[in-house]
Structures are given as C-alpha cells and as structure tokens.
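Residue numbers (the numbering used here): 21 to 1131.
Glycine included, every Cβ here is placed at the ideal spot set by N, Cα and C.
In what follows, a single structure is set out as structure tokens and then discussed.
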C-alpha cells in the first residue's frame, strides 16, 4: 500500500533491512527475518520483535524508499506484506515516474513531485475504497461509545482513535472518541478507570505540542485545565478533525452572526468525518482562489502547465468547481490562475502519449496541460461544465457613459469618485505623473505577458508590482480582481440594483447609525464634502446592511467604504465591501469584533516569534492589541494619510490579512529602539503616532487638496518614511510567513478569544449575583456553568433550536443566557434539595412562573440563583414562604394573573417582605401545598414524625377556620356560643388526599383530639385572633384579591346565615401567618427545613446527570 511520505534518517537502522532492488531514485528493501536469511541470529531477533508487538504496530516486511543522488535523506513511500504486492508498486514507479523525473533540475523538485504524486495516489485509493472505516467495526465502536458515556442516542460519533491520555506523568492507554458535541476518552487498565467527557463549546485551547516527556501530542484546554493526548497513529488527521469540530461548535453556538441554516454542516445529526473533510477542503479552495461561497471543489488533478512567459512546464494541481477551472503551482506561490468555465469554448487532445489536453479560451488564448493522470475524464468534465456554466451578462458601463446610471428608483454612480474629483491629466509632465505613467507602462507589459482580467497568471512578479504601488487608474480594476469581488459581481448581475429598490425608504437602527457617521468618513476629501460622495456612501452601506442584517452596520465600515468608492464604481465598491466583510476579514464587523480580536492574538504570537527583543522588554503584550485594533479594523486607513493607506490596501487585496500582519511587524521593528526606551504605554503610543505622522508617499500623484499632509510635513529636520520602502521592508523581513500558517493560528486563537469573552461575561454576571446570595464563589461558578450548559444541551441535537435564539451577546451580561420553561424544569429538578418525585414537574413549573419577573417566558441566571438560594441557604420562614408562593398560583379558578405576577414581582424586589401582605391560600391551593409537603418528606429518616406533624397542623387549621366561621355567624350578638363543633361538619370538611400512611396518621390524630375539641377551639380563638384578625371578621373566598381582602359583594351580609351544612368546599382559606405559626410548633418540620444542604454534593450530582437527563 502507498504511504504518506515519512522521513527516514538512517537507511539501514540497526541493520534491520536488506536492499533487494535500487536505482537513482528508489530503493526496495526487505526486513530481516523474512525470506532467505530468516534463520540467522539477526533474523531470529527481528522476527521475535515483530511477533510480540501488537498487531496494529507490526512492521510490514517490505518497503520502498525514495531518495535523490545529492541527499542523505530517505522517504518511506510504500510498504507491502508480500514480495508480489511490493513488486506491483515498484513496477508502477518504473513505468510512470522514472521517465518524468529527468525534467527536473534539482533534487528538491524531484522529492516534491514524488511526494505530491504519492499523496494523490493515496487520495484516489481512498476515494475508490469508499468509507475508510469498516462499517461493522464502526458500528461496534458506536455501541461501545453509547455504553461507556451514556449520552443521548442522538449524539453522533464522528470517529475514534487509539491513543494515550497523560494524567500527570503516567500514560493511560485507551481510545479517544470524537463526536459532534463532545470529546470523550476512556481507559481501563489494572483496575484504574479514566473517563472524560468534555463539550467542544468549553474548549479554549487546542494545539499540537511537544516536550521532553512527550515527543508530540495534542493539548486540549478545558476550563483552565490542560489535557494531553499522544501516541496517535495519525496525529495530524486527529488534530484536524478535533479542530474542525471545535470550530463548528464555536461557530454554531457563539458566532450566530456568521452561522446560518444554509451552512453545509447545519444539521448536527448529519456530520461525518467525510463531511468535515469535504467542508474543510471546499473552504481552503474558496479561500485560496477567492471564489464565491456557492463554489465547491468537484475534482482535483495533478498535472504540468506550460507557462509561456517562463517557457517551462510547471507542476501543480488543476481544481475544478461548478463554474471555474483553477490551477496552482505545487507550493502555491509561484503561479496560480482562475479561468471561468464560460470563457472556455473548446478542449482538444493533441497528444495522448503525454496525456495532454489544450483548453482554448475566448480571446485567442490557450492553456496546455500535460501528464494528467486521468486526462480523458478531465476533458469530459470541462466539456460538460463549459456547456452548462452560464455566461453572466453583467452590465458594465462604458467610459463614455455619464457619471450616474439612473435606475427605476435611485441614481447609481458608475464612476469612481477619484475620476470625478481628480480626473487623470494625460498632458501633465510633473515628475510624479511621469513616474505614475512608468508604473502604468509596467503593468501594461505585465498584462501583455501574463494576461489581463480573470485569466491572468498571478506570479511573484505580480506581487513585486503590487509592492511598488498600483497606478491610480488601475487600482479599482485590480482590487476587484485580486479580492475575488469580480466573481461575485459577475455571478449576481443586477443584484445591487434590486437591493437598493428593496431598502429604499426603509428605516432601521442601522440606517440611523449610517446617517450619523456619513460625514465622519474622510471629511477632508473633496469627494465627501459633496452630495455625490455622501449619497454613494449612503447607498452602499444601506444596501449592505439590508443584505446582511446580522451584521447590519458597524463603525469602521464607513471609513473602508469611503476609500473603496474613491477608486471603484459604486456597485464594485459594494462587492468589494462584501468580499472584505464576509470572506477576507470574517467576524470583523459585528458587535463583538471577534475577527479583529483573533487577528490581534495572532499578531501577539508573531511578535513573540519574530521580535524577541521587544517581547523580553514588554512582558505584557496586550498593549499592542489595544493600540493595533484600529490598524486591523481600518487596514491602517485611520492612522496613515490616504495617499499612503491605499498602498496598504493594494497589498491587502492581494495577500489578505498576511499583508497587514507583516506591515504591523515592520512598524514595530522600525520603532524598536524608541519602544525599548519607553517607560509606560503612553510613551509607546506617542512614539507610534509620531511615526505614522511621518509616513509619506513621495510618488503619489494626488494633488495637495486631496492628500492628508501631517502637521510635520514641512519640517525638514524630521526623518520621513516612504510607504513603499516600509512595505518592501515588511515583505523582505516577514514575507516567509505563510498564509496557511496564519489561518491555522487564526483557528487556534479563535477558541481562546471566544472563551475569554465568555469568561468576561461570567465574571460580570457573578459579580452582580454574588451580592445577594450566600453561595461561595466556587459554587456560583459551578452553578453558572450548569446553567449555561443547560442552554446548550437543548441546542446540541437540533438544526434550528428555539433555544439558540435565547443567547444574544448584544444583550446585557445578565440576559445573554436565559432558559425557557422546559430547560428550567430540567435543571431545577436536578438541583432542588428534596427527594420529591410525585410533584416534581408541577413544582418546577410553578417556580419558573414565580421567578420569571418580566413575564417574557425566560429566566436569567440571577432570577434562577435567587430562587435556588432560598431553597439552599435561607431560614425556615423563607423556605416556607417560597413554597407558599409557589402554590398561590391560580388553578382552575378565574383569577387576575397579572395581579398575582405584579404582587410576586414586588415581593421579590423587596429585601424585607411583610408576610402580612401575602395573599391568603384557598382550598385547592392548600391541598396542593399539603401534597407537596408529603412529597418532600417521603423517604426522610423522620418520615413518620413529619407525616404526623402535617396531619396535626392540617387538623388544627381546619378547626381554626371552623371556629372563625362560627364566630362570624354569631357576630351580630357579639356572644360566641360554646356549642361543640358538629362532628358531621368536620366530616364534611374537605380532607387532603395523601399517602396511605399519612391518611392513617391524620385520622388517628383527629380521633385523639376530637373529645377535647370544644375546649380547644374556644380557647384557641383569642390566641390566634392577634395573628389572624381577618379570620374572625369574615371568611376569605377564592375571589379574594392578592392582598387578602374580599370583594365588596362578599362583604355584604347575606339574608340567610350560612350553616355548616351549606358551606361550599371553596369557601375556606388560610393566611401565611396561620400556616407558619402552626408549623413552628412542630420541631420535626422545623428541623427538616433548617437542615444544612450539601450544596457541593448536589452540584456534583447535577453535573454528572445533566446529560443523562437530556434523554
């Protein structure tokens, strides 16, 4: 089988291998112990070593190494279990590779070609073999994953690998399981079990690392704790999949301004390893060639391209998408080009022996590809696609047209503002204009040699011309080309005009912000001192806000768009803005500017790597993050004069964010000596500001009225810095920074930036909440994480979960995470301190409505923790009051819900509440309260005593209510009758349904107290009248208001006095004071509620079972 090329430093290490065949470029070797010399001592030792090794680590007995005559380094490219298998690979190399290698001039090129060829073969074999994993083995792994980690069955396992997890200095050999939402690991060796389950949304660091103990490993940081995984057979593949899953979680849960339902991985139930790899490949393809988001990589072919300007065949890859044919040299930097398929009119096969094809383009151009492995398939693909690829007819204005194009509703500028306010003067013989013409001539020569437009070859010479500065007349055209905006505009003809029609006359917050900033955009430039420039700027910004409402409008967009309008037509400026905001600077222009923060973290990392002297002097590099924020957000436009800033924008559109990072390093390097002398941040800021004031563009042809000259422009004593020299120095010193390296650093630092923002939110929330509760700081931290995870648990397995909408980073800290009723109930049931099961759901629902202060159907962390604090840390009175309120909520009776909610809000807002203000509890509500108490006491060690206590209190309260009713009947005579209370009436009084034990206890207590009831009732009335004055004046009914007073109709005496036999079930009620006074006389009940709650144990229980509860 072909192997991914791996370096072998010693050809005959320990004399374990014997050479069977060799030539100038390849060596076929046999391992000792196999074949003819297997009987020798060395062969016996090698055979024994291979036998005792695990089957997955056995060494194949045959291999093929690649070498070059001028190198001592060998590369292992193939292995085989038999001589027949390895001989097939050897023969293929002899027939297909050897004759091709003679065209290369150096050994490095030969090695690069061989490595690329072998990787291509591996990719082709993988494609033809179907799924990499054996379906049966993968099914077994899924069952093992479900059994070990007890996650919901909806959680989808993506892949798994054998590895070691380092716990201290001891490795635990086991398996790492990578699922859609979780990173899991399991190991069991010698009675030691290690089980890890971490959600991807809690990962703050993910990187490859190495140290003395671990040669190479993957470090994962979760909630401040590092975890190391090593000894992975395919470490890079494992790392990339982990990186993709973590990035997917971050994008889906925290970065919803970018994530949408059309995302290729929107459905978490459909994510597979193949889907992740395909998504990453498509992203890389679009990013490199700057193609529209709709394009996907369909086919890849390795080939040579005849490069006419160099007269050589250049090795590279052909990439075919739905509408484009692209080519990039092997290292990506030597040459690349993009051909729209609608520009292809024929494909010819001139030489089948060299597997070549010629692609003929409109404009009498042709591209010749050779040594294409499957050239016939490529030919058929191009012919098919160039017939189906539409040729977008985009309306391009002629130079002779007027400056505005009048549409159906709005006038759109068809001229760059620089052409309107500073037209090009061909007869001007100024030295700067002469130099400008020389630049134009250099570019015309480049166009003649390399092509112009979308089919232009982009080479190192192109970059050199960019670094020298783009001519004013070509700037808009080249920005469109290098940014890829030309492809977006071509594939969406008429889109901008339709957007303007849709958003015309609309009003929104974004529109108000745009109007506020219009006159702050390059106010010194004449173009934006007139209605022409201001109107064009307004239209572009408004159209983009309408196109992308998730971003809308953000500050700094106006400055960038102003510069784009100077050199591009209005519609072109719109598409350039789209390219910048959605592709080149992702996540920059949103509420939290996450993208800018990520690139600042990358910038800090590059400073540590390249400017070590500055790093040693300044231990805290966060200063550079704060001072460089405007550099990244505005591409240096806000700190440099406009005539210098446009040169930076030239480089940005060609090289992306890499150009800005390079320039930032060059600026710090240029000011190194002055920065090392600074004693504080203020001095450093002054040094950098003074430097930017002295940056000039000596070759700028712009008139003085347009240039933004600094206050020191005429000061000869101050040394000036030319922007072209600064950019050239940046490329010379830091040009070796690769785009792929920057993208990897972006992905790594994005996790850290997101989690830092989340930690800031948590700290602010806890600081506010901690003031009013008795939980410790560590307990509040754990409870916050449980609350936050409960929000995400509802989102893990849903494409468009409504809970996703409950997280809004733009809201105040307290409201960024909120739980709805279902989420709240699940978490409340996990954390409530009593082992009740019968009324769990109703109690949680009641608690939710009570804590939802604003009635929006959501509970934030502060509301949640205040309710939990009462249950965990408050006194018996406070806990009973909460239970009382939970049962005050209306049942089936018609009551004023708003009045109840208003009362509860006022109760929660008052620190010291007057219990006399609480409404009375009616019959239905009291029955529910009693049931809840029985449920709370179930299973307690004092269960029997508690049941008896509730029975006694219930009986006492009912007798008190009966006495109150008797007194009311005799109130006109003011002489209470000492008649024994009717036994029949007590029997007809509603009793509380309870458990069988409770009913027996209640009956025994009632029978025991009954003979003494007349005396007890008569004697208890005066003592309770001070506590419950309303009970002796009038009965409370279900229609009582929340303040405890009856309605006027009920206050009117009836003509016929009510007798005990005619009293309705719902005509009795109790006040909180009555219930409290009665329960305070029961020591067992007081002990139960005053008992200390083991908060840490309950939190640990909830953390362990939170995911199980999601079943």
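Return yes when the Cβ of residue 505 is within less than 7 Å of the Cβ of residue 599, no when it is not.
yes
Proximity below 7 Å, CB of residue 548 to CB of residue 541
yes
Within this structure, are the beta carbons of residue 113 and residue 46 separated by less than 7 Å?
yes
Rounded C-beta distance between residue 323 and residue 391? I'm assuming under 8 Å.
6 Å
Would you call residue 632 buried or exposed, if buried means 16 or more other Cβ atoms sit within 10 Å of its Cβ?
exposed
What does the alpha-carbon distance come out to for the pair residue 698 and residue 660?
22 Å
Pick helix, strand or coil for residue 877, following the three-state DSSP scheme.
coil
Three-state secondary structure (DSSP) at residue 742?
strand
Where does the unbroken alpha helix (DSSP H) through residue 945 begin, and where does it stop?
943 to 957
On the premise that residue 751 lies in contact with residue 782, defined as a C-beta separation below 8 Å, what is that separation, rounded to the nearest angstrom?
That pair is no contact at about 42 Å.
Along the chain, where does the beta strand (DSSP E) containing residue 245 start, and where does it finish?
245 to 250
Beta-carbon separation (whole angstroms), residue 176 vs residue 288, contact threshold 8 Å
7 Å
Could you compute how far the alpha carbon of residue 1123 sits from the alpha carbon of residue 132?
51 Å
Which residue from 980, 902, 881, 990 puts its Cα closest to that of residue 952?
902
With distances taken Cα to Cα, identify the nearest neighbour of residue 200 among 767, 396, 815.
815
I need the straight-line Cα distance from residue 988 to residue 889, nearest angstrom please.
41 Å
With three or more beta-carbon pairs closer than 8 Å as the criterion, would you say the segment 554 to 568 touches the segment 524 to 541?
yes
Where does the unbroken alpha helix (DSSP H) through residue 1132 begin, and where does it stop?
There is simply no residue 1132 to check, as the chain begins at 21 and stops at 1131 in what is shown.
Nearest CA to the CA of residue 1195: which residue from 980, 769, 765, 665?
What the structure shows of the chain is the stretch from 21 to 1131, and residue 1195 is not part of that stretch, so it cannot be assessed.
Using 10 angstroms around the beta-carbon of residue 109, count the other beta-carbons present and answer buried if the total reaches 16, otherwise exposed.
buried
Any idea which residues DSSP pairs residue 356 with across the strands?
348, 478
Under 8 Å by Cβ, that's how I've got residue 674 and residue 486 pegged, so tell me the actual separation to the nearest angstrom.
5 Å
Less than 6 Å between the CB of residue 692 and some heavy atom of the ligand NAP, yes or no?
The ligand NAP is absent from the structure shown, which contains no ligands of any kind.
In whole angstroms, give me the CA-to-CA distance for residue 613 and residue 571.
10 Å
Taking only the alpha-carbon atoms, compute the straight-line gap between residue 754 and residue 682 and give it to the nearest angstrom.
6 Å
Are residue 808 and residue 837 closer than 7 Å when you measure CB to CB?
yes
Alpha-carbon to alpha-carbon, residue 1101 and residue 864
28 Å
Using the Cα positions of residue 84 and residue 649, report the straight-line distance between them to the nearest angstrom.
52 Å
Within a Cβ cutoff of 7 Å, which residues of the same chain sit near residue 317, ignoring the five residues on either side of it in sequence?
301, 302, 305, 339, 341
Quick one: what's residue 324 bridged to in DSSP?
335, 390
What residue does the beta strand (DSSP E) around residue 473 start on, and which one ends it?
Premise fails: residue 473 is in no beta strand (DSSP E) and is neither H nor E.
Among the residues of its own chain, which have a CB less than 7 Å from the CB of residue 266, if the five just before and after it don't count?
220, 223, 226, 771
What's the C-alpha gap between residue 813 and residue 843?
9 Å
Just mark residue 370 as buried or exposed, buried being the case when its beta carbon has 16 or more other beta carbons within 10 Å.
exposed
Could you compute how far the alpha carbon of residue 680 sits from the alpha carbon of residue 651?
8 Å
CA nearest to the CA of residue 501, picked from 474, 494, 484:
474
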